[in-house]
Every structure is written in structure tokens, then in C-alpha cells.
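Below is one structure, written out as C-alpha cells, with a few remarks after it.
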DNA sequence: AATAAAAGTTAGCTGAGCCTAACTTGATTA
DNA sequence: TAATCAAGTTAGGCTCAGCTAACTTTTATT
């Protein structure tokens, strides 16, 4: 067969989907629930766009959504959300260790986090540990 | 004023625009010219899509395009193209030094290259030099 | 020079993901 | 409890960047 592994699944979570799930997980972890209005504010998009996407994420089995009532992540959705969150945290740690400005870090991480595959995540984790373990290395980075 | 620096410019080169310019530069550097059919093959999209985009890039001042005749990059286009090419090369070198498989490197670089800003480029260059200079460090990365 | 093949273009369509405006639902409070 | 206001939803529209099918132009072959 042409398609990989699971025959009836969502179309390999796009950048937008990952951004939504990441934000939703963060809201749930911090406030206990995720409202449309907060997701919209967090992603700096309109509430209408959020409603739309949330309906699609429900259809795709990434969350359970009840009109006007609220939403919860499904295990599948939480897996994606945790994965992107981990990549976000890792890249933030890594770039920060290189001495980059927090604003640059945030901006670049937001772009990069959607594009690193598991082996690369592991390799950067390894490198990050090394840089932490041996602060002297960091001193050699200037210029 | 609200918009930055130059009032009448292209909309801050999207991922797609960067992909086109990168491919065009590579074709010009290797064969001396860039044909629609080769750009299409390189990016794995239809010739029609290339024609469309090339017209837009002309409008945006990133290349000079003459129907049926061919195209050349403008200085502005070449600047963008060289910048993305540099980022591509740098990320490829960097991830390869971490011991990642060539296919993974290629895939991830293609995603990441559009999202690293100049300070991050410089920081990763610095780190890459360090890893090259001290091969023993690389040995400590496994696990 | 005629014709066949390759390259390039146009027209029209699609889907993702955003928007605004107008409407509905639910929560708050007078 | 009724009115108000915040939150949520729907409808319709836009841009970007891709597609196919049909057509035109250029190049190559005979």
C-alpha cells in the first residue's frame, strides 16, 4: 500500500494544526480548560478561525468538541501536542544556550519546531546536554 | 509609519518564494540558466505553477522574466537566494556533524532553513566550527 | 521548410487557513 | 427574571500556492 501505517487517519498534522494543539495543551495545563477566545488570543487570530479549526480537529479525532461547551484533547491529540511542546522546549533551551536573545529564540523556535524529526530531536537533546555539562564550551562560541 | 523600511516591496518572501529562488540559483550556478521545466522538476510541482510564480517574482522585482525566453535573478532576488542557500548549507553541515542520516538531514533542513534568523545563523556557524575543530566532542554525543 | 516534440502559457479550479459581519447561545447582574 | 454582555458560531469571502486541460511558442528532426 501507498500510505504509511494507519489507513484512516488525519492528514499528517500541518503547521497550523500543531500550533493549535500546542496552544490548547498549554491552556489546559495552566488553566484547566481551553476556551475559543483564549486560543484565539494566544495564536493572534480571530475566534471564528478557531471555531472552524476546532471543528476540523474534532473531525480528525484530535480532540472532542461540544458546541458552546468546550473541548478536550483525545489521546491522539495529546500525543501530537506533547510532541510539539517537547520540541519547542528543546529548541528554546538549545538556542538559549548558544547565547541568543530571547526574542530571537522565540521567533525562530516557532518556525523550526514544526520541522525537526525524531532523530534530530534526539541529536539536539544530546548536544544540549553536552553544552550544559561543559559550560566552558559555550565560552568558545563567541565569534 | 506602520510598515517597515521600504513602502513598496514584496511581502517578505514566503517559504515558497525562497524555495523557488533557491532552486533557480542552483540551476543557474550549475547549468548557466534556469528553465521552467527544470524548476518544476526540482521542486516537484507542475510547470504551470512555476510559470505563475515566476511571473509573480518578476512583478515583485526578484527576477527579470521574458515570456518564452527565460529569466535572470535581479540583485534583490540573488540576495535572497544566496541567503537561503547559505542557511541550507549551514544546516546541512551542522546536522550532518551530529551524525544524522543524510535523508533525515535533507528533510529537516528543507523545513528549517526558512525559519532561522541571522543571529541564529551566526550562532550555529560558530557551533559548527567548534564541532569541526574538536572531533572528540562529537564522540561524546552518542546517547 | 514542414512537421513533430518539447517547453511554456493560460484559464479555470481546489483546499488550507485566514478574515469580517451578523447572528446565536450562555453567563452575569440589576 | 429579564436584560445585557461576553463568548461562540455561521456565512461568505479572500489570498496563497498548488493542480489539470487545452492551447501557443520554440526547438529539433527529417
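Protein chains in written order, with this note's numbering: chain E, 1 to 143; chain H, 1001 to 1143.
Glycine is no exception: its CB is placed at the ideal position from the N, C-alpha and C atoms.
Since residue 20 of chain E is in the alpha helix (DSSP H), which residue starts that stretch and which ends it?
15-31
Quick one: which chain E residues come within Cβ less than 8 Å of residue 1141 of chain H?
123, 126, 127 and 130
Taking C-alpha atoms, which residue in H:1113, H:1120, H:1141 and H:1046 lies nearest to residue 1082 of chain H?
H:1113
For the alpha helix (DSSP H) holding residue 969 of chain H, just list the boundary residues, first then last.
The requested residue 969 of chain H is not part of the displayed model; chain H covers only 1001 to 1143.
Exposure label - residue 20 of chain E; buried when at least 16 CB within 10 Å
buried
Please report how far the alpha carbon of residue 94 of chain E lies from the alpha carbon of residue 1088 of chain H, in whole angstroms.
19 Å
Any C-beta of chain H sitting closer than 8 Å to the C-beta of residue 108 of chain E?
yes
Does the CB of residue 2 of chain E have a neighbour CB from chain H at under 8 Å?
Confidence at residue 2 of chain E is low in this model, with a pLDDT of 34, below 50, so the placement of that residue should be treated as unreliable; the coordinate-derived value is given next. With 8 Å as the cut-off, residue 2 of chain E does not count as an interface residue toward chain H.
Would you say residue 75 of chain E faces chain H, with C-beta separation under 8 Å as the test?
no
Pick from H:1048, H:1109 and H:1050 that is closest to residue 1084 of chain H, judged by C-alpha positions:
H:1109
Residue 63 of chain E - containing beta strand (DSSP E), residue span
63-66
Own chain, CB closer than 7 Å to residue 1131 of chain H, minus 5 neighbours either side, in chain order:
1097, 1137 and 1138
Listing by chain order, which chain E residues have their CB less than 7 Å from the CB of residue 1120 of chain H?
95, 100, 104 and 108
Consult DSSP for residue 70 of chain E and reduce its assignment to one of helix, strand or coil.
strand
How close, in whole Å, do the beta carbons of residue 1054 of chain H and residue 1036 of chain H come, if the pair is a contact with beta carbons under 8 Å?
7 Å
Cβ neighbour criterion (16 or more within 10 Å) applied to residue 111 of chain E
buried
Nearest to residue 50 of chain E by alpha carbon, out of E:61, E:101, E:60 and E:38?
E:38
Chain-ordered neighbours of residue 1090 of chain H on chain E, where CB pairs are closer than 9 Å
Going along chain E, no residue has its Cβ under 9 Å from residue 1090 of chain H, so there is no contact; the nearest lies around 13 Å.
Residue 13 of chain E: contacting residues in chain H (beta-carbon distance under 8 Å):
Ordered by position in chain H, no residue passes the 8 Å Cβ test against residue 13 of chain E, which lies about 13 Å from the chain.
What's the gap between the Cα of residue 135 of chain E and the Cα of residue 22 of chain E?
31 Å
At a Cβ threshold of 8 Å, is residue 137 of chain E touching chain H?
yes
Buried or exposed, going by whether 16 or more other CB atoms sit within 10 Å of the CB of residue 1034 of chain H?
buried
Does any residue of chain H have a CB that is nearer than 8 Å to the CB of residue 116 of chain E?
yes
In terms of residue numbering, what span does the alpha helix (DSSP H) encompassing residue 43 of chain E cover?
36-43
Could you check what DSSP says for residue 1140 of chain H in three-state terms: helix, strand or coil?
coil
When you compare the CB of residue 1112 of chain H with every CB in chain E, is at least one pair closer than 8 Å?
yes
Counting along the chain, where does the alpha helix (DSSP H) carrying residue 57 of chain E start and finish?
47-59
As a quick exercise: from H:1076, H:1060 and H:1052, pick the residue whose alpha carbon is nearest that of residue 1067 of chain H.
H:1052
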